[in-house]
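Residue numbers (the working numbering): 25 to 313.
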């Protein structure tokens with residue numbers, strides 16, 4: 025078991041007091057916390073107080089708070105599981121690969137040989153263009169254009185992964201277990217979203233955020249603003265450190281729910297219809313009574 029040296033403890037203590045000194049100047053506080061954990065707790069309280077007083081928005085508060093969790097998050101917690109990965113056999117025709125990229129909207133596709141557990145390279149969509157334009161190019165030449173896959177362990181901290189992405193100018197990694205089996209996939213966008221929230225790009229499908237099933241029942245995208253649900257049902261939901269319906273459900277449960285989870289708040293019944301390991305996607309909202 026590793027222990028901190030006196031120099032390490034002194035450095036950490038000095039850093040804590042320096043940070044606390046800057047906060048103290050703003051909030052006029054006195055006693056500096058003794059440990060990093062206490063400092064984080066104090067900062068979290070200040071953030072929540074700042075949001076309540078309108079000094080920062082709830083989105084800003086969540087973004088800053090997420091940085092504390094960022095250090096503790098592992099690749100396995102934010103990866104796309106292997107069952108949901110979009111991959112292709114390396115012997116696929118150029119036509120089939122173009123169709124796959126067009127249908128899925130991804131710019132990078134892992135290619136495997138024989139089995140999805142044997143990833144041999146990453147295909148960039150832009151490299152398919154030369155094969156569409158130059159008909160003399162054969163599908164066999166496509167493999168020469170693949171980028172070597174980067175493999176990481178499930179236990180890799182995403183702080184380390186982010187540094188690797190930056191240093192190697194890489195945007196994708198394949199997550200494996202201790203035996204080398206493919207467990208999932210993680211992208212640079214996945215890592216960044218842990219701080220700033222979900223990023224929708226130009227290829228993401230635009231769907232209606234609210235769909236009426238009946239006068240008392242609606243289907244909503246979990247990202248929809250709570251005010252829209254309140255407006256539809258002419259009700260008032262409790263305020264808290266969230267702005268979306270999904271955020272409300274997460275706050276009530278204290279965890280990411282599974283499909284079928286039900287939460288009752290403010291006279292409304294929220295049923296989770298779709299969710300993954302990281303977030304809620306679709307929710308049914310019913311007016312009770």
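Heads up, the beta-carbon is just placed ideally off N, CA and C, and yes, glycines get one too. Quantities reported herein were computed from a predicted structural model and do not represent experimental measurements.
Inset, instruction - Kindly indicate which residue of 264, 206 and 266 has the alpha-carbon position closest to the one of residue 143. - result: A check of alpha carbon separations from residue 143 across 264, 206 and 266 identifies 206 as the nearest.
Inset, instruction - With DSSP as the reference, label residue 50 as helix, strand or coil. - result: Low per-residue confidence applies at residue 50: pLDDT is 46, beneath 50, and the placement is therefore not dependable enough to give any value.
Inset, instruction - Could you give the DSSP three-state label for residue 314: helix, strand or coil? - result: This structure does not reach residue 314, given that the chain is present from 25 up to 313, and the question cannot be answered.
Inset, instruction - Thinking residue 287 and residue 262 are a contact (beta carbons under 8 Å), I'd like their distance in whole angstroms, please. - result: The pair is not a contact, with the Cβ atoms about 12 Å apart (cut-off 8 Å).
Inset, instruction - Grab the span of the alpha helix (DSSP H) containing residue 273 for me, first residue to last. - result: Per DSSP, residue 273 is one residue of the alpha helix (DSSP H) stretching across 269-277.
Legend entry - Inter-residue spacing [alpha-carbon to alpha-carbon] between residue 297 and residue 241: Answer to the nearest angstrom: the Cα atoms are 13 Å apart.
Inset, instruction - Could you spell out the range, first to last residue, of the alpha helix (DSSP H) harbouring residue 261? - result: In the DSSP annotation of this structure, residue 261 is not part of any alpha helix (DSSP H), being labelled neither H nor E.
Inset, instruction - Have a look at residue 215 and residue 313 and give me their C-alpha separation to the nearest angstrom. - result: Approximately 43 Å, taken between the alpha carbons.
Legend entry - Alpha-carbon to alpha-carbon, residue 279 and residue 196: Cα-Cα distance, rounded: 27 Å.
Legend entry - Contact under 9 Å by Cβ, residue 308 with residue 209: Annotated as distal: residue 308 and residue 209, with beta-carbon spacing of 9 Å or more.
Inset, instruction - Tell me whether residue 156 is buried or exposed, calling it buried when 16 or more other Cβ atoms sit within 10 Å of its Cβ. - result: By the neighbour-count rule (16 or more Cβ atoms within 10 Å), residue 156 is not buried but exposed.
Inset, instruction - Confirm, please, whether the CB-CB distance from residue 174 to residue 152 is below 9 Å. - result: Cβ atoms of residue 152 and residue 174: not closer than 9 Å.
Legend entry - Cβ neighbours of residue 109 in the same chain (closer than 6 Å, five flanking residues each side left out): Correct list, in chain order: 209.
Legend entry - Limits of the unbroken beta strand (DSSP E) element including residue 95: Here residue 95 belongs to no beta strand (DSSP E), and DSSP marks it neither H nor E.
Inset, instruction - Give the straight-line distance between the Cα atoms of residue 230 and residue 114, rounded to the nearest whole angstrom. - result: The predicted model places residue 230 with a pLDDT of 46, which falls under 50 and marks its position as unreliable; any figure quoted below should be read in that light. As the crow flies, the alpha-carbon of residue 230 is around 31 Å from that of residue 114.
Inset, instruction - Please work out which residues of its chain come closer than 8 Å, Cβ to Cβ, to residue 226, disregarding the five sequence neighbours upstream and downstream, and give them in chain order. - result: A caution first: residue 226 carries a pLDDT of 48, below 50, which makes its placement in the model too unreliable to give a value.
Inset, instruction - Please report how far the alpha carbon of residue 103 lies from the alpha carbon of residue 185, in whole angstroms. - result: Computed Cα separation, rounded: 12 Å.
Legend entry - Member of 248, 250, 257 and 251 whose CA lies at the smallest distance from the CA of residue 239: Selected option, being the one with the closest Cα: 257.
Legend entry - Residue from 191, 180, 299 and 305 with nearest C-alpha to residue 202: Restricting attention to 191, 180, 299 and 305, the CA atom closest to the CA of residue 202 is found in 180.
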